[in-house]
Amino acid sequence: MMKVGIFFGGISREREISFAGGRTVYDNLDKHLFEPVPIFVDSLGNFIHLEWSYVYKGTVRDFYPPVQSIPEELSGFQMYVESLGKLTESEASEMASKVGRKVNPSDFSDLFDFAFLALHGPFGEDGNLQGLLEWYGIPYSGAGVLSSAIGIDKITQKKLFKDLGLTTPDYEVIETKDLEDDIIETTYKNLKASLGMPLVVKAPRQGSSLGVSIVKEDNLEAFKHAAKKSLFIEEVSQSDWVSLSDDDKIRFVHDFVDVRLGIGLPVYVNGQEDHIIYNPKELYDHLSSSFDKEGLESVSYQSLDAEERLLIEQHVKGREFSCIVVEDEDGTPLALPPTEIVRGNEGVFDYRSKYLPGMSRKVTPIDLPLEKVREIQSDCEDLYKKLQFDVYARIDGFVTEDGTVYLNDPNTTSGMMPSSFFFHQAAEIGLNPSQFLTFIIRTSLACRIRSGKNTVVTKPLLRTLDQQISHSNSLQQESLKVGVIMGGYSSERHISVESGRNIYEKLASSHKYEAIPIFLTGDHDNHELYELPVNIMLKDNADDIKLKVNQALAGEKNAILTEAIEKAKPITNKYAAGACFDPKPLNYDTLKERVDAVFIALHGRPGEDGAVQKHLNEKHIPYNGSDVDSSEITIDKYVTTEILGKKDIFVAEHMLLEKSIWQEDAKAAIDQVESRFKFPLIAKPADDGCSSAVMMIKKREQLENFALAMFRSEEEVSEELRLKLDLDKNEEFPSKQRILIEELISAKDADHFLEITGGMLTKWHEDGTRSYEVFEPSEALASGEILSLEEKFLAGEGQNITPPRFSTNPEEQKWVSDAVRKDLEKVAKTLNVQGYCRIDAFVRIWKEEKKVETIVIEVNSLPGMTPATCIFHQAAINGYKPFDFIDSILDYGIKRTEANLSK
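As structure tokens, then:
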């Protein structure tokens, strides 16, 4: 079996996306062919053979630097290892030993046979690592040294585009000296004369989505701001800083040091190379002390890794696309169906637009006349050949209103999140992520052989892999068929799709199970079920999936997709023989014939309310999670809280605000709430998912608006109410009959207070009894007032610390953890939770009295199962890889059904 070293993390500003992408590769490698070896690259460039459990942390900062290595005065801030200052070799090795083992390139050949590169930006996709691997004789994925060096350098690309006669936006290159105060106005005038307005300002050697902005208005100050952004300079004015509240100042520092949002640390102060700020506390203190001085209007910070030149491009108004080009087994480029990027109002496909949900949409293929799409594909293949790219590339571009195709910003490494272009477009030719990764590894080996380097090692690897692929395809698999139900019609349907895809991918990369993706839509009275082909499963969100299902059932065929499938037949036949491209309607009767078991990946209603479980019970189909009775209780937060309170379990003070009462006399209903609760308080739907419309209410007017929105008769919340409630553009807000009002839980007089979320697994015993394995909980850190949907479930978005920081004293940490887990087990037993669950709570700790209070907020019977969700971190501490955890959940459901049938 080939050992594959997965390089992820890295030095660049896109390290979090690289970390999440590396985890995707780690999970999706075909375990029958490959053994994954995680090689984490820290932000100082150290290679660490990472213990597998850390692969499942939500962000790099959740585990590195390790909590034990962070000075106590800095423990309140999220930071990367470079914020600890200059480390000695022994300090770096000691830190690495807490999460794995620091390794040198000379150790690589002892650890793995092949390197899969999931790194982005400088020192990842620029040829540096590729050259290092060639020196040590390790074959690797993707582009070689030359094409990687071209791919990272936007200025070199532009020159080559012009020399090779390729159509690309006009451009100019300026240097930092052109931005000095005495000549910046002249520079700006010259750029306008040369390129017109708007202007696109780019950092030339970063990844494709960082340090990019558009100067839309003819405004010198806007140009200065854009230039500073691309040079990673942050200027803070005295007036802006002093106007912030204490909480907002902390939030400002948080965003400043986050390399996805700000310029990161360390930084030079006012351009002085001898004055460097390394950590968030130093930054906060420097800002606070600087503006105590008389007359200081602003302070400037610049990243140590700032650019010296800027690429300024003509703005092209048109439809934006991205196209993955791969090679067939003969090395011939093949452009996959290009994807249109439909952005919000930001005007540029930057980091947030690319990686955060709802900020943009992907439409595959781009909706253009057939010949124009063919032209895009032909141009991308031509560019691929002329720039001497290898294995695969992602090529971006625009199509203007007059039909001109502009190519721009080719990338030799694509994002590898589950729904990225990389997997999204491969799915259109029938390859699921596991199969596509096998294809990329095989193509990379063939490419390295063509380079003529170290072929004595690479040729046997390729020969063996081909034999194993052929053998694997010929095996008659006796796999258990598991239908993964995702989607639904609740406000959490999009997160359900993320959960369902993750479950599908974990099962699909194993040989124990055959995963079958099933999409549920419809309404309470009619569940519509569809078996999905992989290309539809990987669409952006639940609504896109529903649209594609309806189009397919109506007989709509896309000529570009049909062509792509035909051209890719040799690839598909080898890696995904028998791939299906059309959805199939199902009902619960036909589902019984199609699957052996079901994994319900739904959130809210239906799913967590027992409705789907009723149908599955009728057909004797095993499923994950709690049974009907328990689910009907835990979906109702009010009923759950009432039951727990009567069992002497700590819960928040609470009451119901019902629509019928509110409609009779809204003022009296709000008065009743005010008579029982002080502001701020928490308002949420009484019976929906864990993050749906949960809001901290600070005053009466806000509560009135919340009730108006929740009790509305219209389908959508009015724009006026959205503004008053400060709802994000695409944030859904359900319409319900009941609002649960809760006190805002606080520390009171406790010595320590924190928010946690705790997962557990139940085990079925032969005598029919059940036992609970309660995991170490996670400490949840919110960037705002309430943990957002993204922070709970999406890679790189929230910070969870597992185990939680109950105490710095090991003995105290243990007894608090034991007490909290005992409380969580009592909750699960009281509610008859089965299979697994996640319980959200607050914890108060009194050290002198050795007293702990666990205040339960809610119980999730079908917790989120996205790649980044913290239940996987918790399970990992107990030795469960995600597949093992999912396998145990399914095993419980199967045994429960067998026991019920035998009665």
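Per UniProt numbering, the very first residue in the sequence shown carries number 1; after that it's consecutive. All C-beta atoms, glycine included, are put in the ideal place defined by N, C-alpha and C. All figures in this text were calculated on a predicted structure; none of them were measured in a lab.
Tell me whether the beta-carbon of residue i lies closer than 8 Å to the beta-carbon of residue j.
i	j	result
residue 485	residue 518	yes
residue 771	residue 874	no
residue 153	residue 204	yes
residue 223	residue 268	no
residue 565	residue 595	no
residue 707	residue 740	no
residue 583	residue 501	no
residue 742	residue 603	no
residue 516	residue 483	yes
residue 495	residue 21	no
residue 324	residue 425	yes
residue 143	residue 390	yes
residue 449	residue 438	no
residue 527	residue 585	no
residue 328	residue 570	yes
residue 47	residue 103	yes
residue 856	residue 837	no
residue 839	residue 824	yes
residue 506	residue 27	yes
residue 529	residue 587	yes
residue 43	residue 81	yes
residue 16	residue 394	no
residue 465	residue 33	yes
residue 29	residue 100	no
Rounded to the nearest angstrom, what separates residue i and residue j at their Cα positions?
i	j	result
residue 216	residue 879	53 Å
residue 238	residue 182	24 Å
residue 751	residue 854	14 Å
residue 228	residue 341	27 Å
residue 1	residue 118	21 Å
residue 67	residue 846	23 Å
residue 572	residue 816	54 Å
residue 18	residue 900	46 Å
residue 355	residue 12	With a pLDDT of 46 at residue 355, under the threshold of 50, the modelled position of that residue is not reliable, and no figure is offered here.
residue 86	residue 830	52 Å
residue 218	residue 442	51 Å
residue 359	residue 226	Because residue 359 sits at a pLDDT of 48, beneath the cut-off of 50, its placement in the model cannot be relied upon, and the following sentence gives the value as read from the coordinates. About 21 Å.
residue 116	residue 472	21 Å
residue 213	residue 773	50 Å
residue 609	residue 293	60 Å
residue 754	residue 689	22 Å
residue 704	residue 670	7 Å
residue 31	residue 435	11 Å
residue 304	residue 133	27 Å
residue 284	residue 65	20 Å
I believe residue i touches residue j by the beta-carbon criterion, under 8 Å. Please report the beta-carbon distance rounded to the nearest angstrom.
i	j	result
residue 263	residue 301	7 Å
residue 76	residue 40	Contact flag wrong, Cβ pair sits at about 25 Å.
residue 338	residue 366	5 Å
residue 412	residue 147	6 Å
residue 195	residue 170	6 Å
residue 408	residue 168	6 Å
residue 560	residue 373	5 Å
residue 5	residue 123	Their Cβ separation, rounded to whole angstroms, is 16 Å, which puts residue 5 and residue 123 out of contact at 8 Å.
residue 492	residue 692	6 Å
residue 315	residue 410	So it is not a contact: roughly 19 Å between Cβ atoms.
residue 280	residue 83	7 Å
residue 469	residue 574	7 Å
Length-filtered (4 minimum) alpha helix (DSSP H) runs lying within the stretch 257–344
Counting only runs of 4 or more, we get 280–290.
Could you say if the stretch 536–555 and the stretch 588–601 meet the contact criterion of at least three C-beta pairs nearer than 8 Å?
The stretch 588–601 and the stretch 536–555 do not touch, with fewer than three beta-carbon pairs separated by less than 8 Å.
Would you say the stretch 634–654 touches the stretch 710–730, given that touching needs at least three Cβ pairs under 8 Å?
Cβ pair count under 8 Å is below three, so no.
What ranges does the alpha helix (DSSP H) occupy inside the stretch 542–574, keeping only unbroken runs of at least 4 residues that lie completely in it?
The DSSP assignment places 542–553, 559–567 as complete runs of the alpha helix (DSSP H) inside the stretch 542–574, in order along the chain (cut-off: 4 residues).
Touching or not, the stretch 316–333 and the stretch 396–409, by the rule of three or more beta carbon pairs under 8 Å?
The stretch 316–333 is in contact with the stretch 396–409.
What beta strand (DSSP E) runs, 3 residues minimum, are completely inside the stretch 668–699?
For the stretch 668–699, whole beta strand (DSSP E) runs of length 3 or above, ordered along the chain, are 681–685, 695–697.
Assess, as a yes-or-no matter, whether the stretch 645–652 is touched by the stretch 696–703 under the definition of 3 or more beta carbon pairs within less than 8 Å.
Note that the stretch 696–703 does not touch the stretch 645–652; fewer than 3 beta-carbon pairs, one per stretch, sit closer than 8 Å.
Report the residue ranges of all beta strand (DSSP E) runs contained in full by the stretch 840–882; include only those spanning at least 3 residues, in chain order.
Here the runs fully enclosed are 851–860.
Jot down the residue ranges of each uninterrupted alpha helix (DSSP H) in the stretch 605–667, minimum 4 residues, whole runs only, in chain order.
Whole alpha helix (DSSP H) segments, 4+ residues: 611–618, 628–634, 637–646, 659–664.
Are there three or more Cβ pairs, one per stretch, closer than 8 Å when the stretch 607–621 is compared with the stretch 817–825?
No: fewer than three Cβ pairs fall under 8 Å.
Every unbroken alpha helix (DSSP H) within the stretch 436–471, with a cutoff of 4 residues, ordered by chain:
The DSSP assignment places no complete alpha helix (DSSP H) segment of no fewer than 4 residues inside the stretch 436–471.
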